[in-house]
């Protein structure tokens with residue numbers, strides 16, 4: 080999924096992008112050279128400061144939102160920025176809903192403990208269900224379960240914010256806060272040949288803490304997991320963390336848990352995704368220009384039926400279902416041309432976060448922009464070996480251990 084339209088337009092003004100293959104067929108991305116990396120960083124930082132210097136009003140909200148997107152991308156804060164953010168948070172209720180959402184998306188990862196009183200106030204006032212859910216998630220991040228629970232109970236009765244009984248944002252919050260979480264069903268049941276038989280299936284195993292990289296494996300149509308030339312199970316690390324690190328049912332949040340339909344390969348023109356082949360996916364009920372509504376509707380209508388019996392009542396695995404109903408879209412499995420240096424201090428380095436996609440590691444030459452290393456290409460090759468990109472992908476959090484997922488975590492469940 081690409082970044083904010085304004086941010087992309089900005090980058091295109093200073094980078095003469097060349098996302099293509101050279102004559103020797105080696106994928107090439109000009110923006111990954113040392114010179115262009117430095118130019119990108121300088122311009123993004125200048126963009127942040129110049130936009131936040133503008134007085135905030137209706138006509139400059141978009142400029143500020145552009146700055147927020149760049150701050151998320153770079154994990155960037157300064158004393159000047161902190162002061163500007165504090166000022167706007169103190170009057171956040173006066174701003175448009177779109178601005179409020181962009182602000183919370185940035186505040187959640189960059190200011191996780193700073194604005195609880197302001198967020199509580201906004202949660203009580205807003206009539207936008209998505210914004211209300213974002214406020215609640217910020218409170219949960221700060222261990223304010225009791226306050227959040229009371230807000231959900233009270234506001235769920237408000238027809239302005241919850242006009243329909245099946246509002247996906249309210250439903251997920253109710254599941255989290257009002258009902259006891261069921262025990263995790265056996266992972267072996269998902270890995271069984273009986274689950275999605277005769278289908279190519281990508282399994283993206285993740286930790287609850289998405290700061291730790293997950294692991295992707297591929298099962299062929301005959302129910303056998305793909306192995307490499309050494310006879311070992313094929314795996315590559317895969318990050319399911321977004322820049323915002325918000326839950327998966329929120330726009331631009333982490334990759335939601337659950338079942339996606341896989342429907343083909345593609346090559347992106349995005350300056351962040353790069354030229355390596357990506358794997359196209361859709362959510363239940365997603366409104367996609369690439370897939371007929373009947374396909375995504377069928378995925379949603381059959382969602383419960385697709386799950387093994389032991390998983391049918393495990394509500395965390397329905398996050399993808401509700402994410403689709405909530406309007407999330409354009410979540411794919413791709414590589415990256417994002418500058419890994421932005422995340423050198425992060426647990427997931429050298430992987431790079433996205434706006435909610437599944438992302439694998441790629442390394443590009445700082446000298447000539449040629450691709451040097453690509454886990455994404457390895458994944459694409461494994462999917463082709465398994466029968467092609469026509470099947471399913473399931474994203475599942477296996478536990479809350481504070482370390483990257485490894486094949487050792489999965490081997491005990493493979494039959």
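In the working numbering, the protein residues as written are 80 to 494.
By construction, the Cβ of each residue, glycine as well, lies at the ideal position given by its N, Cα and C atoms.
Closest residue to residue i among the options (Cα-Cα distance)
i: residue 211; options: 189, 153, 266 and 246; result: 246
i: residue 339; options: 403, 472 and 419; result: 472
i: residue 344; options: 470, 284 and 242; result: 470
i: residue 305; options: 133, 459, 193 and 118; result: 459
i: residue 325; options: 218, 365, 348 and 271; result: 218
i: residue 233; options: 220, 215, 443 and 310; result: 215
i: residue 159; options: 253, 133, 356 and 332; result: 133
i: residue 439; options: 492, 375 and 353; result: 353
i: residue 146; options: 421, 162 and 124; result: 124
i: residue 378; options: 391, 358, 368 and 400; result: 400
i: residue 408; options: 365, 162 and 175; result: 365
i: residue 181; options: 122, 157 and 329; result: 329
i: residue 189; options: 351, 199, 148 and 120; result: 148
Simplified DSSP assignment, three categories, for residue i
i: residue 243; result: coil
i: residue 210; result: helix
i: residue 262; result: coil
i: residue 276; result: coil
i: residue 336; result: coil
i: residue 330; result: coil
i: residue 433; result: strand
i: residue 470; result: strand
i: residue 197; result: helix
i: residue 283; result: strand
i: residue 185; result: helix
i: residue 315; result: strand
i: residue 100; result: Below a pLDDT of 50, predicted positions are generally treated as unreliable, and residue 100, at 44, falls in that range; the measurement from the model is reported next regardless. Strand.
i: residue 388; result: helix
i: residue 461; result: helix
i: residue 219; result: helix
i: residue 174; result: coil
i: residue 325; result: coil
i: residue 359; result: strand
i: residue 169; result: coil
i: residue 203; result: helix
i: residue 255; result: helix
i: residue 268; result: helix
i: residue 301; result: coil
Straight-line Cα distance separating residue j from residue i
i: residue 79; j: residue 183; result: Not covered by the structure: residue 79. The range shown for the chain is 80 to 494.
i: residue 131; j: residue 308; result: 53 Å
i: residue 327; j: residue 334; result: 5 Å
i: residue 476; j: residue 286; result: 5 Å
i: residue 301; j: residue 277; result: 6 Å
i: residue 478; j: residue 195; result: 28 Å
i: residue 102; j: residue 451; result: Summary for residue 102: the model assigns pLDDT 44, below 50, so the residue's position carries little reliability; its value from the coordinates is reported in the next sentence. Near 16 Å, if we compare the C-alpha coordinates of residue 451 and residue 102.
i: residue 416; j: residue 485; result: 24 Å
i: residue 490; j: residue 393; result: 23 Å
i: residue 239; j: residue 205; result: 9 Å
i: residue 201; j: residue 444; result: 46 Å
i: residue 430; j: residue 170; result: 36 Å
i: residue 480; j: residue 361; result: 29 Å
i: residue 272; j: residue 384; result: 16 Å
i: residue 332; j: residue 322; result: 8 Å
i: residue 105; j: residue 356; result: 13 Å
i: residue 496; j: residue 314; result: This structure does not reach residue 496, given that the chain is present from 80 up to 494, and the question cannot be answered.
i: residue 256; j: residue 403; result: 21 Å
i: residue 482; j: residue 461; result: 25 Å
i: residue 467; j: residue 279; result: 7 Å
i: residue 428; j: residue 419; result: 7 Å
i: residue 168; j: residue 177; result: 14 Å
i: residue 498; j: residue 235; result: Residue 498 lies beyond the stretch modelled for the chain, which goes from 80 to 494, so this question has no answer here.
Where the beta strand (DSSP E) containing residue i begins and where it ends
i: residue 319; result: Note, residue 319: premise wrong, no beta strand (DSSP E); not H, not E.
i: residue 452; result: 450-453
i: residue 398; result: Here residue 398 belongs to no beta strand (DSSP E); instead the alpha helix (DSSP H) covers 398-404.
i: residue 353; result: Taken as a continuous stretch (DSSP letters only), residue 353 belongs to no beta strand (DSSP E), as it is neither H nor E.
i: residue 107; result: 106-108
i: residue 442; result: 441-443
i: residue 297; result: 293-298
Residue range of the alpha helix (DSSP H) that includes residue i
i: residue 489; result: 486-489
i: residue 346; result: Note, residue 346: premise wrong, no alpha helix (DSSP H); not H, not E.
i: residue 152; result: 140-153
i: residue 117; result: 113-131
i: residue 232; result: 224-234
i: residue 379; result: 372-380
CB-CB length for residue i against residue j, believed under 8 Å
i: residue 295; j: residue 281; result: 6 Å
i: residue 422; j: residue 154; result: 7 Å
i: residue 299; j: residue 465; result: 4 Å
i: residue 368; j: residue 375; result: Rounded, the Cβ-Cβ distance is 12 Å, inconsistent with contact.
i: residue 453; j: residue 110; result: Wrong, their Cβ atoms sit about 16 Å apart, outside the cutoff.
Contact with chain D by residue i, beta-carbon distance below 9 Å
i: residue 394; result: Protein chains in the displayed structure number just one, and chain D is not present.
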